[in-house]
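In terms of the numbering used here, the sequence shown has 289 at position 36, counting the first letter as 1, and numbering is strictly consecutive.
Take a look at the structure set out below.
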Amino acid sequence: MKTVSFTEFRNNASGFVTAAERGESVVVIRHGREVAVLGPAGAINTPSWKMPALRLSVKGAGLSTAILEERDREIVS
């Protein structure tokens, strides 16, 4: 992770964005304090509850098929 001053970032912003596209991160310092972090979009810390859920797969017949089969068995009995 590279650390740069705000002035350097402002003067070379396109170069730092290109670096972020390559997967590098840049910390921007202004008046001795960290004010921003520029990094690849995939590196953003998204809470797990905001991430897409995994699809569950169930082996065997679907629920509607099982219900219809059960109804057929009840009618025959």
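Beta carbons are placed, not taken as given, at the ideal position from N, Cα and C, and that holds for glycine.
What you are looking at is a predicted structure, and each value in this text was computed from that prediction instead of being measured.
- In the structure shown, leucine 291 adopts extended strand secondary structure according to DSSP, grouped into three states.
- Annotation for arginine 326: the continuous alpha helix (DSSP H) segment containing it runs 316-329.
- A Cβ-Cβ contact shorter than 8 angstroms links glycine 276 with proline 293.
- Arginine 275 is not bridged by DSSP to any residue.
- With 16 or more neighbouring CB atoms inside 10 Å of its own CB, valine 281 falls in the buried class.
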